[in-house]
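Chemist:
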Amino acid sequence: MFITPPEKNIYSIENLPSPRILKSHLLFEALPYYPEWKYIYLVRDGRDVGVSFYHHLGSLLPKYFHENLPEDFADFWDDWVETKEDKVDYWSYWKHIKSWWQVRNLPNVLLVHYQNLISDKSQEIGRISDFLNLDINQSKKEVVLAKSSIEYMK
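Numbering (numbering that gives the first Met the number 0), first residue to last: 0 to 153.
(1) Going by CA-CA distance only, name the one from I124, N132 and L131 that's closest to V142.
(2) Quick check on the burial criterion: 16 or more other C-beta atoms within 10 angstroms. Buried or exposed for Y10?
(3) Spell out a yes or no on whether the stretch 137-151 and the stretch 66-84 are touching, meaning 3 or more CB-CB pairs, one atom from each, closer than 8 angstroms.
(4) Let me know the secondary structure DSSP gives L110 once reduced to three states.
(5) Have a look at T82, Q101 and V102 and flag the residue whose alpha-carbon is nearest the alpha-carbon of W93.
(6) Just verifying my parser: in three-state terms, what is the DSSP assignment at L192?
(7) Starting from L144 and walking both ways along the alpha helix (DSSP H), at which residues does that stretch end?
(8) In chain order, what residues of the same chain lie with their CB nearer than 7 angstroms to the CB of F75, ignoring the 5 residues before and after it?
(9) Decide if A73 is buried, meaning its Cβ has at least 16 other Cβ atoms within 10 Å, or exposed.
(10) Give every residue of the same chain whose Cβ lies closer than 7 angstroms to the Cβ of L56, excluding the five residues on either side of it in the sequence, and list them in chain order.
(11) Just curious, the alpha helix (DSSP H) that V185 is in, first and last residue?
(12) Confirm, please, whether the CB-CB distance from K7 to L131 is below 8 angstroms.
(13) Please list, in chain order, all residues of the same chain as E13 whose beta carbon is under 7 angstroms from its beta carbon, the five residues on each side excluded.
(14) Between E35, D129 and R46, which has its C-alpha nearest P18's C-alpha?
(15) Give every residue of the same chain whose Cβ lies closer than 6 angstroms to the Cβ of W99, excluding the five residues on either side of it in the sequence, and list them in chain order.
(16) Between the alpha carbons of L116 and Q122, how many angstroms are there, rounded?
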């Protein structure tokens, strides 16, 4: 993984056709900000992120990394949790969360908790569609619920 300079990210994003739907792992500051754009930030429990990230890193070829991934998860965990500054291979989790947390009350930013998507997907789909000003009837909602299930995506 490589961290791209914000200027390059902004140039690439601004040159996408409209409407833009962009999935990103970028910090808020690394994205262009326009009050008329809508931003949805999905936040996940740090414990789950750490475990998932460890397995993700372990599945990539070593050539992508400046440092070797510790074989012992506990060593990785201690390093990952304590990381305050960016590393060559990844941003600090805390810096990432903080960058979006600071803008969570902007009217065009919606913070979605992953656990809420799991525990009450229907309500969260309603919140997201309301935020995006989408008129979603019950039959469309049922399609979204079905196609966003783990079973469907396997």
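Here a beta-carbon is modelled for each residue, glycine too, at the ideal position from N, C-alpha and C.
Modeler: A quick look at the data gives this:
(1) I124
(2) exposed
(3) No: the two stretches stay apart, fewer than three of their Cβ pairs being nearer than 8 angstroms.
(4) Strand at L110.
(5) T82
(6) No answer is possible for residue 192: it lies beyond the span of the chain, which begins at 0 and ends at 153.
(7) Q137 to K146
(8) Y53, L68 and P69
(9) exposed
(10) Cβ neighbours of L56 beyond the five flanking positions: L68.
(11) This structure does not reach residue 185, given that the chain is present from 0 up to 153, and the question cannot be answered.
(12) no
(13) P31
(14) Checking every option, the nearest Cα to that of P18 belongs to E35.
(15) If we look at W99 and ignore the five residues flanking it on each side, its Cβ neighbours are F27 and Y40.
(16) 8 angstroms
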